[in-house]
Amino acid sequence: MKKAITTRGLIIGEGEPKICTPIVGRTLSELKEEALLIKAINSDLVEWRADFYEQVEDKAKVKEALKEIRTALPDLPLIFTFRSLREGGEKEVTIETYYELNKTAAESGVVDIIDVELFNERSIVKSLVEVAHANGVLVIISNHDFEKTPAKEEIVSRLRQAQELGGDLPKIAVMPKSIADVLTLLDATNTMYEQFADRPIITMSMSGKGVISRIAGEIFGSAITFGAVKKASAPGQVPVRDLRKLLSFIHLNK
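Residue numbers for the sequence shown follow the numbering used here, beginning at 15 and rising by one.
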């Protein structure tokens, strides 16, 4: 039986996919501005893409920013994400800095979920899962391929690896070069969901070709989708207001 997970009263893995909105400000004032915009819309979660933040390598500044976001959005589940350059992020840092940033977020008392990239050293991934769980924080274990869509079997394998490493939310995002690639991602999602997943999963095909994957999660098995409020953090993100209408339409007619 697949298990839903709950954070701040939000049940992930039941009903409509939950909408997560990214914050991508480069300064503290931009972060505050975006948080206020998100407060005015009907988002379910918020993700701070800390790799956009100019002072991300200063742990004191990161803690300050986290507190400001939490103050502005006291009730929304908050995901902390530092996306590496190799997986589509804004900058690269040392693995030691990457580890310390995620550890700081997990121990901050204000973050509900951290995002740990699958293709790090296994010891790093396992250690961050342990730190997060010890602090009551959930973990997305993710993989992003901005170059291509791997074969179905490889997509399923990566999601299974994320699950086996203790990820509460295995995630993969891939880039389609054709409509067939989008179908591959959707087929892999359904196979993972039906045959292997014992927890919610997150999948998406990026860019305009892949938009259908961002709205059809309830049909194929993806539990969270990402919608933009100001600036998209990945290609193909749909504005939150439009996304909510589409998700509700599918939910009512499935």
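Beta carbons: idealized from backbone N, C-alpha and C, even for Gly.
With respect to the C-alpha of Val243, the residue from Ala230, Arg255, Ser236 and Met218 having the closest C-alpha is Arg255. Only residues of its own chain outside the window of five on either side were considered, and among them Met15, Lys16, Lys17 and Gln177 have a CB closer than 8 angstroms to the CB of Asp212, listed in chain order.
The shortest C-alpha to C-alpha distance from Asp58 to any of Lys73, Lys81 and Cys34 is the one to Cys34. Between Ile186 and Arg172, the C-beta spacing is below 7 angstroms. Residues Asp65 and Arg97 of the same chain have their beta carbon placed closer than 6 angstroms to that of Gly103, with the five preceding and five following residues left out of the count. Note on the segment 47–101: whole beta strand (DSSP E) runs with a minimum of 3 residues are 59–63 and 92–95, in chain order. By the Cβ-count criterion, Ala86 is buried, with 16 or more other Cβ atoms from all chains shown falling within 10 Å of its own Cβ. Excluding the 5 residues flanking it on each side, Glu30 has same chain C-beta neighbours closer than 7 angstroms at Glu232, Leu261, Ser262 and His265, in chain order. Judged by DSSP in its simplified three-state form, Phe160 adopts coil rather than helix or strand. A Cβ-Cβ distance of about 11 angstroms is found for the pair Glu82 and Leu50, leaving them out of contact under the 8 angstroms criterion.
Looking at Ile55, Arg63 and Thr21, the one whose alpha-carbon comes closest to that of Arg40 is Arg63. Just measuring C-alpha positions, the residue of Thr108, Leu92, Leu257 and Ile93 sitting nearest Leu99 is Thr108. Ranking Val196, Lys105 and Pro88 by CA distance to the CA of Thr95 puts Lys105 first.
Cβ-Cβ distances below 7 angstroms link Ile138 to Ile109 and Tyr113 in the same chain, with the five nearest sequence neighbours on each side left out; the list follows chain order. Within a 10 Å sphere around the beta-carbon of Arg84 sit 16 or more other beta-carbons, which makes this residue buried. Excluding its 5 nearest sequence neighbours in each direction, Thr21 has C-beta neighbours in its own chain below 7 angstroms: Pro91, Asp126, Ile127 and Leu152, listed in chain order. If you draw a straight line from the Cα of Ser227 to the Cα of Lys53, it comes to about 26 angstroms. Thr118 sits in a helix when the DSSP states are folded into three classes. Excluding the 5 residues flanking it on each side, Gly180 has same chain C-beta neighbours closer than 6 angstroms at Val143, in chain order. In the three-state scheme derived from DSSP, where H, G and I count as helix and E and B as strand, Leu24 is classed as strand.
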